[in-house]
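Worksheet: one structure, shown below.
Numbering (this note's numbering), first residue to last: 458 to 571.
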């Protein structure tokens with residue numbers, strides 16, 4: 458999958474868990490920047506989340522202008538605090554392609570668009 462660009466801090470309503478990525482907090486920050494959302498409350502289900510709207514080349518097309526977009530999130534779930542060591546961070550999105558999109562971002566260490 459070829460990622461064209463992505464922007465962070467987007468509306469993530471109606472997204473849900475689509476997979477996981479085993480990585481560290483520092484690795485996510487090095488690629489995606491600081492979290493979009495942080496709540497240190499021990500009773501919160503999500504303490505830390507990154508959100509992005511990603512434009513990528515349609516994997517079913519050879520036309521480089523045939524693009525699609527996906528809204529994705531990376532977040533912890535029910536851990537009582539932000540996990541800083543290796544952790545299976547949850548990937549959220551509108552469909553299962555969210556996991557593939559996030560994997561491509563991390564595999565190629567693609568930074569967000571300005």
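Every residue, glycine too, gets a C-beta built ideally from N, C-alpha and C.
If you're wondering where the values come from, they're calculated on a predicted model, not measured in any experiment.
In the three-state reduction of the DSSP assignment, residue 557 falls in the helix class, which pools H, G and I. The three-state reading of DSSP puts residue 484 in helix, counting H, G and I together. For residue 534, no beta strand (DSSP E) run applies, since DSSP gives it neither H nor E. When secondary structure is reduced to three states using DSSP, residue 562 falls in the helix class. The Cβ-Cβ distance between residue 539 and residue 505 falls below 8 Å. Taken in chain order, the complete beta strand (DSSP E) segments of 3 residues or longer contained in the stretch 465-551 are 473-480, 505-514, 524-532 and 544-550. The residues 502, in chain order, have a CB closer than 6 Å to that of residue 535 in the same chain once the five nearest residues on each side in sequence are set aside. Distances from the CA of residue 551 to each of 463, 492 and 476 were compared; the closest alpha carbon is that of 476.
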